[in-house]
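Going by the working numbering, the first residue of the sequence shown is number 313, and it counts up by one from there. Backbone N, C-alpha and C define an ideal beta-carbon position, used for all residues, glycine too. Note that this is a predicted model, so its numbers are computed, not measured.
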Amino acid sequence: MQFKTSLIASFAVMLALAASTAQAVCEAACTSIQGPEGRCNYQCTTACGQPAGAHRQRFLGALKSQYPQTPCTSVGATEITCIKTARFGSCGAQKWTCGKC
Numbered sequence: 313m314q315f316k317t318s319l320i321a322s323f324a325v326m327l328a329l330a331a332s333t334a335q336a337v338c339e340a341a342c343t344s345i346q347g348p349e350g351r352c353n354y355q356c357t358t359a360c361g362q363p364a365g366a367h368r369q370r371f372l373g374a375l376k377s378q379y380p381q382t383p384c385t386s387v388g389a390t391e392i393t394c395i396k397t398a399r400f401g402s403c404g405a406q407k408w409t410c411g412k413c
């Protein structure tokens, strides 16, 4: 009986470790997509168990905070568009991730 209890406890620990490892993985939540010249466009997806719209809102807030002179707006439920400026740099350099990166 003690062996069975010990085995169950070990299994529970392994499950807890697997769950924490799964959440710790770095995932791309918003990345650059092709768009019109002079603009940077981003598509957000469901990642780390959070919906695309939540990532879009956080990423948009971060972009506006980091680059207050660069006009960025949400497009639809999951996209962001920004007018490209010299200070903003490369469109691909901006991204939003979640998890442990």
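In or out: residue i buried (at least 16 other Cβ within 10 Å) or exposed?
| i | result |
| --- | --- |
| Ala334 | With a pLDDT of 49 at Ala334, under the threshold of 50, the modelled position of this residue cannot be trusted; read the value that follows with caution. Exposed, by the Cβ-count rule. |
| Ala389 | exposed |
| Ile395 | exposed |
| Arg351 | exposed |
| Met326 | Confidence in Met326 is poor, its pLDDT being 38 and thus under 50, which makes the residue's placement too unreliable to answer from. |
| Ile392 | buried |
| Trp405 | One detail in the question is off: residue 405 reads as Ala in this sequence, not Trp. Exposed, by the Cβ-count rule. |
| Ala398 | exposed |
| Cys413 | exposed |
| Cys356 | buried |
| Cys338 | exposed |
For residue i and residue j, which I take to be in contact (beta-carbon distance under 8 Å), what is that distance rounded to the nearest angstrom?
| i | j | result |
| --- | --- | --- |
| Phe400 | Thr382 | 5 Å |
| Cys360 | Gly411 | 5 Å |
For residue i, which beta-bridge partners are listed by DSSP?
| i | result |
| --- | --- |
| Thr409 | Ala340 |
Any alpha helix (DSSP H) of 4 or more consecutive residues that is wholly inside the segment 355-381: 364-378
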